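This report refers to the structure that appears directly beneath it.
Number of protein chains: 2
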Amino acid sequence: MSQKQEPRRKPGRPKAGTDQPDARDAILDQAEFCFAAAGFAGASLRDIATRAGVNQALLRYYFGSKQDLFDAVFRRRGGMISGRRHVLLDRALAEAEPTVETLVRAYLRPQWEMKQSGPGGAAFIALQARVHAEPEAHALDLRREVYDPSLKRYIDALSGLLPAIPRDLVATRMAFLVGAYLFMLNDLGRLADLSEGQIREIPPDDMLEQLVRFLSAGLLAPAI
Amino acid sequence: MSQKQEPRRKPGRPKAGTDQPDARDAILDQAEFCFAAAGFAGASLRDIATRAGVNQALLRYYFGSKQDLFDAVFRRRGGMISGRRHVLLDRALAEAEPTVETLVRAYLRPQWEMKQSGPGGAAFIALQARVHAEPEAHALDLRREVYDPSLKRYIDALSGLLPAIPRDLVATRMAFLVGAYLFMLNDLGRLADLSEGQIREIPPDDMLEQLVRFLSAGLLAPAI
DNA sequence: TTCATTATTCATCGAATGAATAATAAAGTT
DNA sequence: AACTTTATTATTCATTCGATGAATAATGAA
């Protein structure tokens, strides 16, 4: 590297009204990207700080430890998804005749929207899949805290529509559903080569509908 | 720490017929455990070596780099699963009337057996879930190498049973299936609290049958 | 004007990590 | 007996990591 000294930011609080809208958000965005790409252990705070254009010590100032930063990243968008699920469920239940397909679609759509919403959303979807594959207790707690409330509401609503199926079994089938959509969201682009080397021709938006159809059929299957 | 010097093994080849059946296998076993628990980046070669009761340099001697060790771990049991899938498919096709349920069960069972086979098998199942959640190209290549051949055979066989469904769609639905069982295998023990705090009463073996039923119904759903 | 608070950088520390090399001893080969 | 190969430990290296205490500057209230 050359001795070229890039004009370093001076320490101290920046003048009000200067460019950076919020260093905090920049940190969260870049942490999201890094954690998604490399996993918790694989991502480095230095790298995150550099990408966000701030000093590494600032991460600690705002978020505390690495784990705390990770949690903040996960809760940010996880909370959005969970909230939107609640809204869509309320809306679906207000309709005249909610169907299983309607509820499944309502449950999946927030994730789908998040993924399509831009690079940050897509990164979060990948991050989420990683968290679901981690066996550590802390990861499990995070998932529970963020996702279980809305999930339970959907299980209740579906149980109402499926009186012939014990609630336990509905809950189990919802777990199958979660696995299927997590995987699909991440592997969408890689499905291509399963069909004999030809590029798949199912367009992305149809893919969501195909998943809804598949999962609804599974939920409706007779018990025992 | 005290100066207590535990009687250190001297360097050099151990006398034939001494205890250790195979240091190589011990390394693979412990690597499997560590990678499953902490992920690729989170696991340390030192830790693996210590657990295996060998020197760290021996990992390098046998396997090369950390990545190479990881690949060896993955291929070992992944190959077993893939091989068993081929066997069970041949057996199912030799029957008079194979059904969708039969084929789905044949596809899932090797994973299930692996998970039940002991702590090493269970660790591999967790490891496998992690690999499927990693976006890096290398992880994708590994999965493809190990699992795609058997997967393609199952897609063909299922397509034969489902003439009304385009092959593309069968392949897509198989991807949904993979997601569901990966997640189920890992989350089995954690499903408990979804059903209102009561401990789930579906015994593990029934769980597999429930998954088969759920997925078969999805595969059989009419197209479009 | 003073002064506490907030936001930020600086500089560095100790621990841990993956890789690499050198030494050593048993087993195998000639 | 002399050598080569195989398996193993010991040690060192260079790097990276997360964490942290101290410094510094802008802001805003007293």
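Line order of the protein sequences matches chains B and X.
Okay, so the first sequence: first residue is 1 according to the numbering used here, each after it adds one.
Okay, so the second sequence: first residue is 1001 according to the numbering used here, each after it adds one.
From the three backbone atoms N, C-alpha and C, an ideal C-beta is built for every residue, glycine too.
Since this is a predicted model, take the numbers as computed values, not measurements.
Which residues in chain B have a C-beta closer than 9 Å to the C-beta of residue i? List them in chain order.
| i | result |
| --- | --- |
| aspartate 1184 (chain X) | The question names aspartate, but residue 1184 (chain X) in the sequence shown is methionine. Simply Thr172, Ala175, Phe176 and Gly179. |
| glycine 1042 (chain X) | Gly39, Phe40, Ala41 and Gly42 |
Given residue i, which residues of its chain have a CB within under 6 Å of its CB, disregarding the five upstream and five downstream residues?
| i | result |
| --- | --- |
| alanine 1106 (chain X) | Leu1088, Leu1089 and Ala1092 |
| phenylalanine 1074 (chain X) | Leu1142 |
| alanine 1171 (chain X) | Ile1155 |
| glutamate 209 (chain B) | none |
| arginine 1167 (chain X) | Ser1159 |
Counting only Cβ pairs nearer than 8 Å, list the residues of chain X close to residue i.
| i | result |
| --- | --- |
| proline 135 (chain B) | Ala1036, Ala1037, Ala1126 and Asn1186 |
So, at 8 Å on beta carbons, what are the nonlocal neighbours of residue i in its own chain, with the 5 sequence-adjacent residues on each side left out?
| i | result |
| --- | --- |
| glycine 1218 (chain X) | Arg1173, Phe1176 and Leu1177 |
| valine 100 (chain B) | Leu158, Leu161, Leu162, Ser216, Leu219 and Leu220 |
| valine 212 (chain B) | Glu101, Val104, Arg105 and Leu108 |
| methionine 1184 (chain X) | Met1207 and Leu1211 |
| aspartate 1029 (chain X) | Ala1052 and Gly1120 |
Look at the alpha carbon of residue i and the alpha carbon of residue j, and state the distance between them as a whole number of angstroms.
| i | j | result |
| --- | --- | --- |
| lysine 1115 (chain X) | glycine 53 (chain B) | 45 Å |
| valine 131 (chain B) | alanine 96 (chain B) | 37 Å |
| alanine 133 (chain B) | proline 14 (chain B) | 41 Å |
| isoleucine 1027 (chain X) | alanine 1049 (chain X) | 7 Å |
| methionine 207 (chain B) | serine 82 (chain B) | 22 Å |
| leucine 103 (chain B) | leucine 151 (chain B) | 11 Å |
| leucine 1182 (chain X) | alanine 1129 (chain X) | 6 Å |
| proline 1011 (chain X) | serine 1044 (chain X) | 23 Å |
| glycine 1179 (chain X) | tryptophan 1112 (chain X) | 14 Å |
| glutamine 46 (chain B) | alanine 1031 (chain X) | In the sequence on display, residue 46 (chain B) carries arginine and not glutamine. Approximately 28 Å, taken between the alpha carbons. |
| isoleucine 155 (chain B) | proline 135 (chain B) | 24 Å |
| tyrosine 77 (chain B) | proline 1098 (chain X) | Before going further, note that residue 77 (chain B) is arginine rather than tyrosine in the sequence given. Approximately 45 Å between the Cα atoms of the pair. |
| leucine 169 (chain B) | arginine 84 (chain B) | 25 Å |
| alanine 1057 (chain X) | alanine 137 (chain B) | 32 Å |
| arginine 24 (chain B) | alanine 41 (chain B) | 21 Å |
| alanine 72 (chain B) | glycine 120 (chain B) | 14 Å |
| asparagine 55 (chain B) | methionine 80 (chain B) | 28 Å |
| arginine 1144 (chain X) | serine 65 (chain B) | 37 Å |
| tyrosine 1062 (chain X) | arginine 1051 (chain X) | 16 Å |
| aspartate 205 (chain B) | valine 146 (chain B) | 26 Å |
| histidine 86 (chain B) | alanine 94 (chain B) | 12 Å |
| glycine 1039 (chain X) | serine 1117 (chain X) | 22 Å |
| glutamine 1067 (chain X) | glutamine 67 (chain B) | 25 Å |
| arginine 153 (chain B) | aspartate 1022 (chain X) | 52 Å |
| alanine 1203 (chain X) | aspartate 1148 (chain X) | Going by the sequence as given, residue 1203 (chain X) is proline instead of alanine. Straight-line Cα distance between these residues: approximately 31 Å. |
Against residue i, what residues of chain B qualify as contacts under a CB-to-CB distance less than 7 Å, listed in chain order?
| i | result |
| --- | --- |
| alanine 1129 (chain X) | Ala133 |
Between residue i and the rest of its own chain, which residues show a CB-CB distance below 7 Å, the 5 nearest in sequence each way excluded?
| i | result |
| --- | --- |
| alanine 1126 (chain X) | Ala1036 and Asn1186 |
| alanine 1139 (chain X) | Val1131 |
| alanine 109 (chain B) | Sequence inspection shows arginine at residue 109 (chain B); the alanine mentioned does not correspond to that position. Hits under 7 Å: Leu88. |
| leucine 1059 (chain X) | Ile1027, Leu1045, Ile1048, Ala1049 and Leu1069 |
| leucine 215 (chain B) | Val104, Leu177 and Ala180 |
| isoleucine 1165 (chain X) | Ala1223 |
| glycine 1197 (chain X) | In this predicted model, glycine 1197 (chain X) has a pLDDT of only 48, less than 50, meaning its place in the structure is not dependable; the value taken from the coordinates is given anyway. Excluding positions up to five away in sequence, the list is empty. |
| alanine 1123 (chain X) | Glu1032, Phe1033 and Ala1036 |
| lysine 4 (chain B) | Caution applies to lysine 4 (chain B), whose pLDDT of 39 falls short of 50 and renders its modelled position unreliable; the value that the coordinates give is listed next. Nothing listed; no residue qualifies. |
Checklist entry - At a Cβ cut of 9 Å, what residues of the segment 1093 to 1105 of chain X count as close to chain B, listed as they run along the chain? => result Those would be none; no residue qualifies.
Item to check | Under 8 Å (Cβ pairs) to chain X, residues found in the segment 204 to 220 of chain B | outcome: When C-beta distances to chain X are compared with 8 Å, the residues of the segment 204 to 220 of chain B below that value are Met207, Gln210, Leu211, Arg213, Phe214, Leu215, Ser216, Ala217, Gly218, Leu219 and Leu220, in chain order.
Checklist entry - Listed from N- to C-terminal order along the chain, which residues in the segment 80 to 94 of chain B have their beta-carbon within a distance smaller than 8 Å of any beta-carbon of chain X? => result Result list empty, no residue passes.
Item to check | Members of the segment 1157 to 1170 of chain X near chain B, C-beta cut-off 8 Å | outcome: Cβ contacts with chain B come from Arg1167, Asp1168 and Leu1169.
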